[in-house]
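See structure below.
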Ligand code: NA7
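Numbering (full-length UniProt numbering), first residue to last: 4 to 539.
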């Protein structure tokens, strides 16, 4: 298609999910002229694309939402403890309408290249619709889990049935009624989709590479009284979220695991199991930093798998031993382990019986042929760096971001990378977002970026760029923060890029906690942005 070169803009935002919508709103508030480019035909990002059966948020609805508008908080009523994908999408559609955001969003538009022009001090962005846009600032709002990872298994193209990645699920659904379905992957997504596909399918085969921990979600409808209570307490809820380690509306308990007598400790775990959800992680101060403490929690969770799954051989295959609990992002589920008690569900452990190829008729492992009508790839994402690297970003002197990050991502505060002036990365590598409640982090990043732009203007500067030594120090700090936790012990986690063949193994998120990160960012702003070079 033939596009056009538009007039110079103040800012181009890439992505119209949680980040891009709020960024656009803030930029408008500053009187800046901004455009959002979005691949999808609607807003929502993660919640636009992930339409697989059972897709649901693992944070509680009322906390996984915007806080910037008290009016919005009061108007919106949540239906369930954990919002389903349709409910999340309705919310984000409402936000887009409520703040009249759509008129500055170009849907169905994918960025194919973005280059910093040294001579002009601006960004030139090219799209698949043929448009060429220029702007002073380029702000990526592309999410951390948006670049689908489909494994390159021999013979994949030869498969005669339907195959879908969960993150690119067809909008009109996939009918698996009476079909033989295979699911590859047992991360958060696999754990959500497996029980939902087991019901209509005639047979479901799960191909598991790494067994996972999972805690019951205990989803339920919210009552009017629940909603009234959130609305009455949003001020305090948000303050708690912003100051907490994980952006959730609760703090991590300050008792150490082994300081509590065995019986009492089991009761605490049982309470967490019964209450459901991610708060299980917050029961003890040392669960994520002390291996013995984590072993106690992991043992408890493994005992639950043995309790739920009736066939002992299947239960054994489901027990996670390769990583500490929550060192990979922990799923929460509805009847996940129970699903293996069905006669029409088979578990294949592909570590002991690897997938050899996909044939026209199904999946062949070393020991058997598994006939299938539908294959579902719940195989996750090229997380954090994937969506940035596939955008064709080039900085000063034509430096490719892919070249700069060849050995792993390097940022300052997760927000900028040296050599790429006026490029901001919301939820970028080196930020805490994926280890926390994402919208809470997003609002922090967006507000910080907006304030930096105001500061730049006040100083009469036009360019802001991370300094290389500040970046080096931040990368060291990110590594040190990870090393103080058990997170790097999960060798197969996407935090490390381990799920994507050939990707450098670097622990990407900042594990120092959202509260501490926010204080660092605020301090940098208060001190006039040390570590960032401001120039004209
Ligand atoms: P995840 O958590 O990355 O899970 C992907 C799953 O797919 C995981 O079990 C992988 O096993 C498995 N996988 C990936 N590639 C293969 C191949 N080639 N063969 C077999 N199995 C494979 O992605 P999700 O979509 O579930 O969740 C992403 C985030 O969304 C989640 O953390 C929440 O924040 C929400 P592995 O563990 O790599 O051995």
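Think of the CB as a built atom: it goes at the ideal place given N, C-alpha and C, for glycine as much as any other residue.
Endpoints, the alpha helix (DSSP H) within which residue i is located
i           : result
residue 579 : Examination of residue 579 is not possible in this model, given that the chain is present from 4 through 539 alone.
residue 177 : Careful: residue 177 lies outside any alpha helix (DSSP H) and carries neither H nor E.
residue 185 : No alpha helix (DSSP H) holds residue 185; the beta strand (DSSP E) holding it covers 183-187.
residue 117 : Note, residue 117: premise wrong, no alpha helix (DSSP H); beta strand (DSSP E) at 114-120.
residue 83  : Counting along the chain, residue 83 falls outside any alpha helix (DSSP H), and DSSP gives it neither H nor E.
residue 271 : 265-278
residue 239 : 227-246
residue 77  : 73-78
residue 192 : 191-201
residue 52  : 49-52
Beta bridge counterpart(s) of residue i as assigned by DSSP
i           : result
residue 335 : 218
residue 211 : 352
residue 533 : The partner list for residue 533 (beta bridge, DSSP) is empty, contrary to what the question assumes.
residue 126 : 119 and 138
residue 405 : None; residue 405 has no bridge partner.
residue 165 : 377
residue 97  : For residue 97, which the question treats as bridged, DSSP gives no partner whatsoever.
residue 224 : 83
residue 396 : 117
residue 372 : 367
residue 206 : 183
residue 156 : Paired residue(s): none; residue 156 is not in a bridge.
Between the CA atoms of residue j and residue i - distance to the nearest angstrom
i           : j           : result
residue 145 : residue 387 : 9 Å
residue 406 : residue 82  : 46 Å
residue 314 : residue 292 : 34 Å
residue 349 : residue 418 : 44 Å
residue 390 : residue 147 : 7 Å
residue 342 : residue 439 : 28 Å
residue 91  : residue 50  : 6 Å
residue 251 : residue 489 : 20 Å
residue 421 : residue 21  : 26 Å
residue 409 : residue 434 : 19 Å
residue 222 : residue 237 : 21 Å
residue 107 : residue 38  : 5 Å
residue 227 : residue 150 : 38 Å
residue 538 : residue 474 : 18 Å
residue 33  : residue 378 : 48 Å
residue 270 : residue 256 : 15 Å
residue 399 : residue 463 : 21 Å
residue 368 : residue 352 : 10 Å
residue 55  : residue 112 : 23 Å
residue 13  : residue 183 : 52 Å
residue 207 : residue 375 : 9 Å
residue 365 : residue 166 : 11 Å
residue 230 : residue 79  : 9 Å
residue 75  : residue 96  : 13 Å
residue 89  : residue 47  : 10 Å
residue 225 : residue 507 : 43 Å
residue 71  : residue 446 : 8 Å
Proximal residues to residue i (C-beta, below 6 Å), its chain only, five neighbours per side dropped
i           : result
residue 259 : 288 and 289
residue 159 : 361
residue 515 : 484
residue 443 : 244 and 250
residue 459 : 467
residue 233 : 65
residue 57  : 195, 196 and 199
residue 161 : 363
Start-to-end residues for the beta strand (DSSP E) that takes in residue i
i           : result
residue 367 : 365-368
residue 378 : 377-380
residue 428 : 426-428
residue 361 : 358-362
Spatial neighbours of residue i in its chain, beta-carbon cut-off 8 Å, leaving aside the 5 residues before and after
i           : result
residue 126 : 15, 117, 118, 119, 120, 137, 138, 139, 140, 141, 425 and 426
residue 301 : 216, 323, 327 and 328
Residues of its chain near residue i, where Cβ-Cβ distance is below 7 Å and the 5 sequence neighbours each way are ignored
i           : result
residue 4   : A caution first: residue 4 carries a pLDDT of 43, below 50, which makes its placement in the model unreliable, though a value can still be read off. 132 and 133, listed in sequence order.
residue 156 : 358, 360 and 361
residue 28  : 102 and 104
residue 338 : 198
residue 124 : 465 and 466
residue 477 : 414, 415, 416 and 433
residue 492 : 326, 327 and 330
residue 179 : 200, 203, 204 and 377
Could I get the ranges of all uninterrupted alpha helix (DSSP H) runs contained in the stretch 289-351, with 4 residues as the minimum, in chain order?
Runs found: 294-311, 315-321 and 339-342.
Runs of beta strand (DSSP E) lying entirely within the stretch 11-43, each at least 3 residues, in chain order
With a minimum length of 3 residues, the continuous beta strand (DSSP E) runs that stay inside the stretch 11-43 are 12-17 and 37-40.
Can you list the alpha helix (DSSP H) stretches of 4 or more residues lying completely in the stretch 468-495, in chain order?
Positions of the alpha helix (DSSP H) runs, each at least 4 residues long and wholly inside the stretch 468-495, are given as 471-486 in order along the chain.
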